[in-house]
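Some notes on the structure that comes next.
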Amino acid sequence: MKLSKHLVLACFYSLVFFCCKNEKRELSKEQTKRPNVILFLVDDMGWTDSGVYGSDLYKTPNIDKLASQGMMFTDGYAACTVCSPTRASIMTGKYPATINVTDWIKGHNKPYAKMQIPDWNMKLDLEEKTLPEELNKRGYKTAHIGKWHLGEDEKFWPKNQGFDVNIGGHSGGSPKANGGGGYFSPYNNPRLENGIEGEYLTNRLADEAVKYINQNKDSAFFLNFWLYNVHTPLQANASKIEKYKRLVNDSLHHSNAVYAAMVEHMDDALGSVMQALKDNALEENTIIIFNSDNGGLRGNFENRRIKVTDNYPLRSGKGDIYEGGVRVPLIFKWPKRIEAGTSSNTPEISADLFPTILGLIDDGEKNDFQFDGVDLSPVLLDKGEVNRPAIFWHYPHYHLEGAKPYSAIRKGDWKLIQVFENDKLELYNLKDDIGENKNLVDLYPEKTNELFGDLNAWRTKTAAQLPSKNLNYDAEHENDWKFNKSATITEEDKKVNQKNNVKL
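The opening residue of the sequence shown carries number 1 in the UniProt record's numbering; numbering runs sequentially from there.
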């Protein structure tokens with residue numbers, strides 16, 4: 001009887017040990033699984049276009065919740081003031097000037113302006129090493145859902161840039177570009193089947209993202225979720241528009257009800273993704289990054305009299321080098337690794353996302369990649385600051401919002417802008433003057449020379465293409481526009497000129 005009792009106890013403890021060992025093995029397997037990564041990129045979303053960043057109209061409960069659960073950057077920047085260069089920068093970890101993708105594809109030009117724009121690259125070259133390609137090497141499944149806009153030819157679309165799946169990504173920069181149908185089905189998108197009549201594009205893309213998460217919950221995945229919202233055309237669900245019409249009044253900086261509804265559609269999409277992660281018990285092992293490709297659009301290209309959004313207290317907006325054109329929202333969430341409810345004033349730019357993602361998932365391991373961007377994982381994981389002397393911009397183009405070719409540098413609190421057309425320099429202290437109202441060039445000549453020297457050195461290092469004096473300058477037709485691919489001003493160009501009240 002005594003022997004029998006000891007035998008029973010021995011069997012019991014052996015079973016407990018075996019179960020604990022198996023449980024430990026399972027925990028170890030889960031702990032070593034690489035985190036999922038979701039890069040949620042909004043199109044044309046201004047720095048203040050959400051509740052947590054200070055909007056006085058737009059309702060964004062999901063963005064606000066994301067910020068409360070992660071780290072919000074106050075000084076996040078887009079690599080360019082228009083979309084394609086920023087997107088190329090995110091994919092490569094390089095400045096647009098380095099890869100010579102310096103304007104939106106296919107871009108506009110002013111053939112009779114004072115400056116002639118240089119040759120530039122209208123595609124993301126296949127030779128460039130991309131973020132999804134590197135994640136594929138680490139065993140990730142990769143999907144792109146939404147806007148792409150990095151090449152007219154389909155050989156430069158997501159499936160040839162490292163993505164296993166592409167839903168909705170093609171050459172077009174807006175839902176109406178290249179024959180697209182807009183935000184309501186039929187979409188006429190070559191990489192997205194039409195939905196039922198009246199289906200809203202952002203809702204559909206969110207459904208596709210949720211489906212992808214559900215289908216890949218057992219694998220490490222990278223979901224590149226790049227919405228077309230809130231790019232023009234201004235289109236949204238009628239019920240949402242009516243909601244904001246009742247809220248708009250003359251005291252608000254944000255006052256466009258349709259745009260507000262589009263912001264809410266975008267926020268709903270983020271909420272759907274966050275809920276899908278929760279439903280699949282993936283929240284704790286998923287990094288979410290929320291960002292925008294440039295500052296908010298002030299005037300509607302389709303009707304210049306219509307105000308789209310307001311980037312106050314920042315100056316200007318999309319297309320321009322002032323803070324309203326380049327400062328954008330940026331939020332990182334990774335439960336138990338990135339402290340919830342925190343913020344950072346470390347300056348960040350789009351080229352940082354690639355090295356930062358690798359820094360997070362590789363747990364600080366060194367790599368030999370030649371990035372222009374820096375790894376911000378020490379800031380996110382509270383392991384210290386990063387060595388970031390300065391950040392740079394280079395846009396040797398004209399833009400419909402009124403911007404002329406420029407370069408710029410931010411170093412500490414100081415920002416220097418060079419406008420090529422008149423070789424004008426502007427110096428601002430962003431700590432004291434975030435609205436860039438007071439040009440300090442004459443008061444701080446030494447600081448001006450220091451930053452200008454740094455800017456010139458950077459342009460030399462990146463082989464940045466510079467504009468030159470235009471031998472075809474014609475004052476009478478200085479404001480005529482044409483698409484870059486057309487040799488002469490076409491009927492389509494004339495429509496753009498007429499919309500912008502340009503004399504032909």
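Beta carbons are placed, not taken as given, at the ideal position from N, Cα and C, and that holds for glycine.
Assuming residue i contacts residue j (C-beta within less than 8 angstroms), just tell me the rounded distance between them.
i, j, result
"I287", "L360", "6 angstroms"
"residue 507", "A220", "With the chain represented from 1 up to 504, any question about residue 507 goes unanswered, as that position is not in the structure."
"residue 542", "L205", "Since the first and last residues shown for the chain are 1 and 504, residue 542 lies out of range."
"R191", "R34", "The Cβ separation is near 27 angstroms, so there is no contact."
"F369", "G195", "The Cβ separation is near 40 angstroms, so there is no contact."
"I105", "E128", "Incorrect: roughly 15 angstroms between the Cβ atoms, too far for contact."
"L150", "L131", "About 13 angstroms; that fails the 8 angstroms criterion."
"A209", "L223", "6 angstroms"
"Y228", "S174", "6 angstroms"
"Y77", "V326", "5 angstroms"
"G107", "N484", "4 angstroms"
"P347", "D64", "Incorrect: roughly 23 angstroms between the Cβ atoms, too far for contact."
"L169", "K176", "Note on identity: in this sequence residue 169 is Gly, with Leu being the wrong assignment. Not quite, the Cβ-Cβ distance comes to about 16 angstroms (not below 8 angstroms), so this is no contact."
"P85", "D103", "7 angstroms"
"F163", "L39", "Not quite, the Cβ-Cβ distance comes to about 12 angstroms (not below 8 angstroms), so this is no contact."
"L314", "I409", "The Cβ separation is near 18 angstroms, so there is no contact."
"S344", "V386", "Wrong, their Cβ atoms sit about 10 angstroms apart, outside the cutoff."
Give every residue of the same chain whose Cβ lies closer than 6 angstroms to the Cβ of residue i, excluding the five residues on either side of it in the sequence, and list them in chain order.
i, result
"G70", "I331, F332, K333, I338"
"G172", "N178, G180"
"G46", "G295, G296, T309, N311"
"A257", "I241, Y244, K245, V248"
"D375", "P355, T356, G359"
"E426", "I417, N439"
"L353", "I90"
"A403", "G319, D320"
"D413", "N429, L430, K431"
"D153", "none"
For residue i, I'd like the list of residues in its chain whose CB is within less than 7 angstroms of its CB, leaving aside the five on either flank, ordered along the chain.
i, result
"N367", "L358"
"K411", "P389, A390, L451, D454"
"Y95", "A79, S89, A351, D372, F392, T462"
"W280", "First, the residue type needs correcting, since residue 280 is Asn and not Trp in the sequence shown. These residues qualify, in order along the chain: I213, N214, K217."
"S55", "T48, D49, H254"
"E30", "Legend: pLDDT at E30 = 43, less than 50; position of this residue unreliable, value from coordinates given subsequently. Within the same chain, E30 has no close Cβ partners at all."
"S68", "A340, G341"
"Y406", "I321, Y395, I417, Q418, V419, F420"
"Y53", "W47, P329"
"K336", "E284"
"V230", "V42, D43, D44, M45, Y259, M262, V263, M266"
"Y160", "In the sequence as presented, Tyr is not what sits at residue 160; that position holds Asn. Taken in chain order, the residues that qualify are L126."
"K21", "In this prediction, K21 scores a pLDDT of 43, lower than 50, which makes its location untrustworthy; the coordinate-derived value is nonetheless stated afterwards. Taken in chain order, the list of residues that qualify is empty."
"V441", "L425, E426, L427, T448"
"Y444", "L427"
List the residues that DSSP assigns as beta-bridge partners of residue i.
i, result
"A408", "W393, I417"
"L427", "L416"
"residue 507", "For the chain, the structure presents residues 1 to 504; residue 507 sits outside this window and is missing."
"V42", "S292"
"F73", "L330, S344"
"N36", "T286"
"S468", "Q116"
"K482", "N109"
"G151", "K123"
Output needed for residue i: all residues of its chain with C-beta closer than 8 angstroms, excluding positions within five of it in sequence on either side, in chain order.
i, result
"R298", "K307, V308, T309, D310, N311, S316, G317, K318, G324, E401"
"K469", "K114, M115, Q116"
"K155", "L126"
"E23", "Legend: pLDDT at E23 = 42, less than 50; position of this residue unreliable, value from coordinates given subsequently. Hits under 8 angstroms: none found."
"L27", "Low per-residue confidence applies at L27: pLDDT is 38, beneath 50, and the placement is therefore not dependable enough to give any value."
"D268", "N62, T202, N203, A206"
"residue 533", "Because the chain is modelled from 1 through 504, residue 533 falls outside the range shown and cannot be assessed."
"N422", "none"
I want to see whether chain D comes within less than 8 angstroms of residue i, judged by CB atoms only; does it?
i, result
"D125", "Here chain D cannot be found, since the structure has a single protein chain."
Counting only runs that start and end within the segment 274-325, where is the beta strand (DSSP E) found for 3 or more residues in a row? 286-292, 303-307
Between the segment 99-116 and the segment 467-474, are three or more C-beta pairs nearer than 8 angstroms? yes
Does the pairing of the segment 393-400 with the segment 463-471 give three or more beta-carbon distances under 8 angstroms? yes
Please list the segments of the alpha helix (DSSP H) lying wholly inside the segment 338-389, counting only runs of 4 or more residues, in order along the chain. 353-361, 377-380
Would the segment 273-280 and the segment 237-251 be scored as touching if the rule is three or more Cβ pairs under 8 angstroms? no
Which ranges would you report for the alpha helix (DSSP H) in the segment 96-147 if only whole runs of at least 4 residues count? 96-99, 131-137
3 or more residues per run - each beta strand (DSSP E) lying fully within the segment 160-237: 165-167, 221-226
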